[in-house]
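Take a look at the structure below.
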Amino acid sequence: DDREAVFEHFRGKKLFAAWDPQVLRDYVDHGTIDADGSWRLAFDPAVESHIYDTLPHNIEGLLRRHPLKCPLAFVGGLQSAELRQVGGIDGTRRIARGRVMMLDGTHLFPMEKPLATAAAVEASLRAMD
């Protein structure tokens, strides 16, 4: 099956190696398309790149000028290189007023541990009541 070959292709890549197998299957089934026998991503990678390229680097200053109007909680991956790149968890703790939960995993922890992620999100929401 072509989809199985695509699954194995992604599973062999470092970025996807820690993903939960069902999440990776969903990614293959819904995030790739067969373009006349050549599988490719169903989305434009340039869009994802643009999202990362345009994230504000001065979020605390922006939030001082435009405070949040709702509570915020943060769930992150303990091994997230991306979190370290933006200066660590301290600013996030201030913005989230301590409502921070860190899970085992990288920046892509939701794909690595989907059930633990769902439980953490649910617990965070319940704690805001």
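Going by our numbering, the first residue of the sequence shown is number 6, and it counts up by one from there.
Glycine included, each C-beta is placed from N, C-alpha and C at the ideal position.
Query	Result
F21, DSSP secondary structure in three states	coil
Proximity of G98 and V105 at Cβ, strictly below 8 angstroms	The amino acid at residue 98 is misidentified as Gly; the sequence shows Arg. For R98 and V105, yes; Cβs fall inside 8 angstroms.
Residue environment, F12, which counts as buried when at least 16 other CB atoms sit within 10 Å	buried
Helix, strand or coil at L46 according to DSSP, with G and I counted as helix	strand
Coarse secondary structure for V105, derived from DSSP in three states	strand
For R8, the nearest candidate out of W24, R131, V33 (CA to CA)	V33
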